[in-house]
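In this note's numbering, the protein residues as written are 32 to 168.
Notes follow the structure.
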């Protein structure tokens with residue numbers, strides 16, 4: 032006879048609240064994973080001079096997999112993905128702008144935390160991005 036073990040899915044925390052990305056620097060410090068994040072106004076055009084920081088976190092026994100949907104930014108706008116190491120030290124995994132199909136940009140953290148930064152310049156906005164963060168063992 033087998034033994035049944037109850038398991039729980041770890042959460043990943045995301046900061047700020049993805050439902051209000053224009054206030055991305057004034058909300059809770061972390062966003063729990065699994066979660067979705069978006070640029071401001073997504074899927075509508077983001078505003079000029081947007082600055083958003085999303086700190087993704089899960090429990091310390093898991094890592095984070097972050098996969099972007101379709102990306103549509105101007106070449107002057109930037110999306111940066113950083114990997115947490117120790118003592119609030121982050122290392123760049125990638126920095127990019129432009130157009131990419133869904134699933135083209137995917138990242139896995141070394142530990143339990145990642146940071147996504149989005150900066151838009153003063154030109155006309157575009158759709159921006161959406162991304163899904165999930166915990167992995």
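Just so you know, even glycine gets a beta-carbon here, dropped at the ideal spot from N, CA and C.
Taking only three categories from DSSP, how would you classify residue 115?
Looking up residue 115 in the chain shown gives position 84. DSSP places residue 115 in strand when its eight states are reduced to three.
Only counting the same chain, and skipping five residues up and downstream in sequence, which positions put a Cβ closer than 6 Å to that of residue 158?
As a position in the chain shown, residue 158 is number 127, starting the count at 1. Contacts found: 74 and 103.
Report the CB separation of residue 81 from residue 151 in whole angstroms; it is logged as a contact under 8 Å.
One-based indexing of the chain shown puts residue 81 at position 50. One-based indexing of the chain shown puts residue 151 at position 120. Cβ-Cβ separation between residue 81 and residue 151: approximately 4 Å, consistent with a contact (criterion under 8 Å).
Classification of residue 115 by the beta-carbon crowding that lies within 10 angstroms, buried from 16 upward
In the chain shown, residue 115 corresponds to position 84, counting from 1. Looking at its Cβ environment, which holds 16 or more other Cβ atoms inside 10 Å, residue 115 is buried.
Determine the direct distance from the alpha carbon of residue 111 to that of residue 127, and round the result to whole angstroms.
Here residue 127 refers to the residue found at position 96 of the chain shown. Here residue 111 refers to the residue found at position 80 of the chain shown. Roughly 6 Å separates the two Cα atoms.
Residue 97: which of 154, 153, 156 and 64 sits nearest, CA to CA?
Within the chain shown, numbered from 1, the residue matching residue 97 stands at position 66. The alpha carbon of residue 97 has as its nearest neighbour, out of 154, 153, 156 and 64, the alpha carbon of 64.
The beta strand (DSSP E) enclosing residue 67, as first and last residue numbers:
The residue given as residue 67 occupies position 36 in the chain shown. It spans 66 to 69 - the beta strand (DSSP E) in which residue 67 sits, taken as one unbroken run.
Compute the distance between the beta-carbons of residue 171 and residue 87, then report whether it is under 8 Å.
As shown, the chain starts at 32 and ends at 168. That puts residue 171 outside it, with no answer to give.
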